[in-house]
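Asker: Chains X and D are the protein sequences, given in the same order. Residue numbering for the first sequence follows my numbering, beginning at 1 and increasing consecutively. Residue numbering for the second sequence follows my numbering, beginning at 1 and increasing consecutively.
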Amino acid sequence: MSLKTEEMILNMGPQHPSTHGVLRLELKLEGEIITDVIPHIGYLHRCFEKHAEAMTYPQIIPYTDRMDYLASMYNEFGYVLAVEKLMGIEVPERVEYIRVIMGELQRIASHLVALGTYGADIGAFTPFLFCFRDREHILHLFEITSGARLLYNYIWIGGVSHDLHPDFLRLTKEFVDYFRPKVKELNELLTFNQIFIDRTANVGVLPAETAINYGITGPNLRASGVKWDLRKDDPYSIYDRFDFEIPVGNGEKGTCGDCWDRYYVRVKEMEESLKIIEQAIEQIPEGDVTSAIPRRVKPPAGQVYSRVENPRGELGYFIISDGSVNPKRVKVRAPSFVNLEVLGELCKGHMVADVVAILGSIDIVLGEIDR
Amino acid sequence: MMYDWLYNLTGSEILAAVIQSLLPLFLFILPFALFAVLLERKVSAHMQDRLGPMRVGYHGILQTVADIIKLVQKEDIIARDNDKLFFNLSPLIVFMGSYAAFAVIPFSSVFLGSNIDLGLIFIVAVTGLVVAGILMGGWASNNKYSLLGAMRSAAQIISYEIPTMMIIIVVIMLTGTLNLYTMSEWQTSYFWNWLIFGGPGFGLAKFILIPFMMMSALILFISTLAEVNPTPFDIPEAESELVSGYHTEYSGMKFAMFFLAEYANMFAVSAILSALFFGGFQSPFGYLGNLFNVPALIPFEQFFWFTAKGIFFVFVQMWLRWTLPRFRVDQLMTFCWKYLIPFAFVILIIVGLITVLL
Chain X
1 MSLKTEEMIL NMGPQHPSTH GVLRLELKLE GEIITDVIPH IGYLHRCFEK HAEAMTYPQI
61 IPYTDRMDYL ASMYNEFGYV LAVEKLMGIE VPERVEYIRV IMGELQRIAS HLVALGTYGA
121 DIGAFTPFLF CFRDREHILH LFEITSGARL LYNYIWIGGV SHDLHPDFLR LTKEFVDYFR
181 PKVKELNELL TFNQIFIDRT ANVGVLPAET AINYGITGPN LRASGVKWDL RKDDPYSIYD
241 RFDFEIPVGN GEKGTCGDCW DRYYVRVKEM EESLKIIEQA IEQIPEGDVT SAIPRRVKPP
301 AGQVYSRVEN PRGELGYFII SDGSVNPKRV KVRAPSFVNL EVLGELCKGH MVADVVAILG
361 SIDIVLGEID R
Chain D
1 MMYDWLYNLT GSEILAAVIQ SLLPLFLFIL PFALFAVLLE RKVSAHMQDR LGPMRVGYHG
61 ILQTVADIIK LVQKEDIIAR DNDKLFFNLS PLIVFMGSYA AFAVIPFSSV FLGSNIDLGL
121 IFIVAVTGLV VAGILMGGWA SNNKYSLLGA MRSAAQIISY EIPTMMIIIV VIMLTGTLNL
181 YTMSEWQTSY FWNWLIFGGP GFGLAKFILI PFMMMSALIL FISTLAEVNP TPFDIPEAES
241 ELVSGYHTEY SGMKFAMFFL AEYANMFAVS AILSALFFGG FQSPFGYLGN LFNVPALIPF
301 EQFFWFTAKG IFFVFVQMWL RWTLPRFRVD QLMTFCWKYL IPFAFVILII VGLITVLL
């Protein structure tokens with residue numbers, strides 16, 4: 001006698017504690033084993049690209065904040081670089097340094113959320129709160145600079161909206177000293193915990209070739225052992241002046257490119273960001289930060305593609321200008337959107353619990369996927 | 001003693017026995033659940049650099065009372081496609097299974113529900129009922145997450161009952177009784193007489209037994225812990241995967257019953273561990289009552305030591321819960337079948353040989 005078995009279809013999300021927003025996953029299950037995963041997106045679609053066509057160039061900046069809301073500074077950074085490239089603006093030295101410091105602080109803040117929520121996905125709740133405690137220090141720095149904690153509208157075309165708070169550099173220095181031991185604490189509590197390693201090592205292995213074929217970028221690509229970071233390989237702003245390493249995954253606890261590698265690359269990247277911030281604080285010159293801001297942003301007709309290394313990968317802006325104050329088209333290459341595509345490939349043959357581990361390790365932000 | 005008094009009061013044997021069995025429940029476990037919820041929130045909060053509840057009463061001590069009032073007021077939602085009979089029955093069975101265990105747990109030499117000779121077997125039997133309740137709830141909820149949670153839970157509880165039973169057999173071989181009260185009496189006076197230190201007496205066997213007893217205590221703690229599902233064994237209600245597992249669909253008082261059962265279980269695990277291996281209600285250093293020649297003081301001291309041991313192990317459970325990540329379902333099974341059961345077997349054989357030969 002053979003038992004009649006049936007494929008079970010399980011809807012995970014859009015309201016689910018660990019889909020990191022409003023993502024719906026359609027899981028096809030054979031018992032607890034995944035046979036297929038189909039992500040359904042679009043629950044947070046806000047027509048960013050269409051909206052942008054009706055806005056002037058500076059008006060678009062607050063909209064870019066709202067794409068990847070965990071890395072708002074970096075979204076602004078990428079956008080203004082694209083517009084500046086189109087208009088041929090040279091920005092003052094001090095502005096470059098401020099942007100880099102903000103960008104790297106944002107990278108740490110974003111990775112802290114990624115690592116903390118990843119711990120919560122695996123079932124350890126305490127690291128989550130430890131990470132948010134440390135992120136709070138960064139948000140405070142952003143708050144004294146721009147007045148906002150999440151959506152800053154701080155980096156403007158040709159400069160930044162206003163100069164740093166007088167305490168900012170001192171507080172940032174203090175933060176760097178405070179945060180170094182905290183990374184160690186996180187490693188002791190979560191990274192090298194045997195249960196955590198059992199849950200994440202050898203799970204969701206992404207070989208380098210597959211990663212490149214899918215167009216994966218950012219920490220996910222580096223975890224697969226590919227040393228590709230736009231800050232080094234296609235330097236923008238003043239990243240070529242700093243001395244820092246590009247951490248790559250090496251399969252320390254399992255196979256190269258598994259969930260543990262993706263997690264650990266982010267931990268190591270936070271340490272590298274601290275190095276960049278330290279160097280930038282030492283080198284930052286005095287000067288005016290608003291002098292290069294154009295009074296009227298009206299780029300010449302033409303098109304530009306500019307890309308930056310966002311905490312999640314390659315964030316690209318493709319802007320077509322027809323010479324008017326409104327862009328004709330703004331296309332965003334969102335790293336989360338591209339990275340999510342590989343989910344189905346990674347999940348096949350794993351268990352329901354692993355979907356959560358894999359999804360968390362890809363570190364998506366739905367605001368950026370749906371835009 | 002207490003039974004005689006109740007018998008005189010009520011004039012009926014059955015009534016006296018029933019009241020006596022229910023006493024620990026009402027006098028201790030229900031208030032304890034309220035306390036444990038608050039303790040858990042405070043412990044987790046301080047481990048996570050937070051303060052925890054601070055608003056209701058001094059440092060939030062009335063928070064759980066407020067929570068219970070809230071839960072009682074909540075609407076009891078029963079969805080159209082739920083299997084109503086089993087859906088309603090499930091929390092009752094889970095609640096009953098967890099709370100019935102306390103009837104035989106000796107809190108002190110006078111304060112124990114019922115002094116039956118099959119105490120240990122009774123505990124294993126009634127807590128086994130919980131599986132049925134969980135399966136019922138998961139099935140009757142008509143929700144895929146609940147079903148997955150219930151299936152995982154059943155597999156987990158049944159697997160982990162095997163090492164639990166093996167260690168219980170080890171204990172029975174050494175103590176020669178299934179009665180928890182006799183077992184506690186046996187490990188009398190000072191802490192070196194506790195079973196974890198090889199039991200009373202100073203023979204050769206005691207010193208050989210010590211390492212095996214420590215391992216047994218650890219295995220018993222882990223496997224009973226796994227039966228009551230806190231992190232790292234909380235895969236049946238793994239929040240990040242299955243929302244709340246088998247009780248996803250429950251609301252109001254029915255949810256509260258699952259919730260209270262969980263906290264009662266936490267204490268039950270600690271109580272069984274301390275009754276078997278840590279001298280039960282026996283004081284580690286002798287009694288003040290003996291010192292000052294006030295025998296009436298002794299039961300109160302015993303009660304104090306039992307709850308102190310219980311709460312200590314409850315604290316250890318919370319500590320684990322807020323430190324460790326969660327196992328995956330297959331890793332949990334591997335851990336049980338490949339590590340705990342073989343170890344328990346080895347201990348069983350060695351302890352058997354020791355009891356026969358020495």
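Ideal Cβ positions, reconstructed from N, Cα and C, are used throughout, including at glycine.
Is glycine 55 of chain D close to chain X? Criterion is C-beta to C-beta, closer than 8 angstroms.
Answerer: A small fix is needed here, since residue 55 of chain D is arginine in this sequence, not glycine. By this cut-off, arginine 55 of chain D is not an interface position.
Asker: Can you tell me the Cβ-Cβ gap for alanine 205 of chain D and isoleucine 354 of chain D, rounded? I've got them flagged as a contact below 8 angstroms.
Answerer: 6 angstroms
Asker: Quick one: residues in its chain with C-beta nearer than 6 angstroms to the C-beta of tyrosine 239 of chain X, no 5 flanking neighbours on either side, listed in chain order?
Answerer: Arg231
Asker: Quick one: any contact between the region 127-134 of chain X and the region 106-116 of chain X, if contact means 3 or more CB pairs under 8 angstroms?
Answerer: With the rule of 3 Cβ pairs closer than 8 angstroms, the region 127-134 of chain X counts as touching the region 106-116 of chain X.
Asker: Select from the region 322-335 of chain D all residues with a C-beta closer than 8 angstroms to any C-beta belonging to chain X, and list them in chain order.
Answerer: Trp322, Thr323, Leu324, Pro325, Arg326, Phe327, Arg328, Val329, Asp330 and Gln331
Asker: Would aspartate 229 of chain X be called buried (16 or more neighbouring beta carbons within 10 Å of its own) or exposed?
Answerer: Result: buried.
Asker: Using a 10 Å radius around the Cβ and a threshold of 16 neighbouring Cβ atoms, would you call histidine 247 of chain D buried or exposed?
Answerer: buried
Asker: Roughly how many whole angstroms lie between the Cα atoms of leucine 180 of chain D and proline 106 of chain D?
Answerer: Note on geometry: alpha-carbon atoms of leucine 180 of chain D and proline 106 of chain D lie some 7 angstroms from one another.
Asker: When you compare the CB of aspartate 81 of chain D with every CB in chain X, is at least one pair closer than 8 angstroms?
Answerer: Not closer than 8 angstroms to any Cβ of chain X, the Cβ of aspartate 81 of chain D fails to qualify, so no.
Asker: With distance defined between alpha-carbon atoms, name the residue in X:Gly21, X:Pro17, X:Lys28 and X:Leu23 nearest to glutamate 6 of chain X.
Answerer: X:Lys28
Asker: Thinking just about the alpha-carbon of each residue, which of D:Met166, D:Met54 and D:Gln48 is nearest to the one in phenylalanine 343 of chain D?
Answerer: D:Met166
Asker: Have a look at X:Glu188, X:Val248 and X:Asn193 and flag the residue whose alpha-carbon is nearest the alpha-carbon of alanine 208 of chain X.
Answerer: X:Val248
Asker: Do you know offhand how far leucine 25 of chain X's Cα is from methionine 351 of chain X's?
Answerer: 14 angstroms
Asker: Shorter than 8 angstroms from the beta carbon of arginine 50 of chain D to some beta carbon of chain X?
Answerer: yes
Asker: For lysine 144 of chain D, return the contacting residues in chain X, with the cut-off set at a CB-CB distance below 7 angstroms.
Answerer: Met8 and Leu10
Asker: List, in order along the chain, the chain D residues whose C-beta lies closer than 9 angstroms to that of valine 22 of chain X?
Answerer: Per Cβ cutoff of 9 angstroms: no residues; valine 22 of chain X is ~15 angstroms from chain D at best.
Asker: Using the beta-carbon of each residue, which ones in chain X are nearer than 8 angstroms to proline 232 of chain D?
Answerer: Those within 8 angstroms of proline 232 of chain D in chain X are Gly123 and Ile195.
Asker: Could you say if the region 73-89 of chain X and the region 3-21 of chain D meet the contact criterion of at least three C-beta pairs nearer than 8 angstroms?
Answerer: no
Asker: Give me whichever residues DSSP pairs with tyrosine 57 of chain X in a beta bridge.
Answerer: According to DSSP, tyrosine 57 of chain X bridges with nothing at all.
Asker: Measuring CB to CB, does alanine 256 of chain D end up less than 8 angstroms from isoleucine 68 of chain D?
Answerer: yes
Asker: May I ask you to report which of helix, strand or coil DSSP gives serine 21 of chain D?
Answerer: helix
Asker: Is it buried or exposed, tyrosine 317 of chain X, if we count other Cβ atoms within 10 angstroms and call 16 or more buried?
Answerer: buried
Asker: Find the nearest neighbour of arginine 199 of chain X within the set X:Ala52, X:Gly123 and X:Phe168, judged by alpha-carbon distance.
Answerer: X:Gly123
Asker: Would you tell me roughly how many angstroms separate the C-alpha atoms of tyrosine 43 of chain X and leucine 332 of chain D, rounded to the nearest one?
Answerer: 36 angstroms
Asker: So, is the C-beta of glycine 13 of chain X closer than 8 angstroms to a C-beta in chain D?
Answerer: no
Asker: So what does DSSP say about valine 65 of chain D, is it helix, strand or coil?
Answerer: helix
Asker: Report the residues of the region 167-178 of chain X with a CB closer than 9 angstroms to any CB of chain D, ordered along the chain.
Answerer: none
Asker: Straight-line CA distance for aspartate 233 of chain X to methionine 47 of chain D?
Answerer: 42 angstroms
Asker: Residues of the region 129-146 of chain X with a CB closer than 9 angstroms to any CB of chain D: list them in chain order, please.
Answerer: Residues of the region 129-146 of chain X with a C-beta less than 9 angstroms from any C-beta of chain D: Leu129, Phe130 and Arg133, listed in chain order.
Asker: Could you check whether the Cβ of leucine 148 of chain D sits closer than 8 angstroms to any Cβ belonging to chain X?
Answerer: yes
Asker: I'd like to know if methionine 47 of chain D contacts chain X, where contact means its C-beta is closer than 8 angstroms to some C-beta of that chain.
Answerer: Yes, methionine 47 of chain D lies at the interface with chain X (some Cβ there is under 8 angstroms from its Cβ).
Asker: Using a Cβ-Cβ cut-off of 8 angstroms, state whether aspartate 36 of chain X counts as contacting chain D.
Answerer: no
Asker: DSSP puts leucine 10 of chain X in a beta bridge; with which residues?
Answerer: X:Leu27
Asker: Which bits of chain D does glutamate 30 of chain X rub up against, with CB to CB less than 8 angstroms?
Answerer: Listed along the chain, the chain D residues whose CB falls inside 8 angstroms of the CB of glutamate 30 of chain X amount to none; the nearest CB is some 13 angstroms away.
Asker: For a cutoff of 8 angstroms on Cβ pairs, would you count aspartate 198 of chain X as touching chain A?
Answerer: Given the protein chain composition of this structure (X and D), no chain A is represented.
Asker: Nearest to arginine 312 of chain X by alpha carbon, out of X:Thr255, X:Phe168 and X:Pro219?
Answerer: X:Pro219
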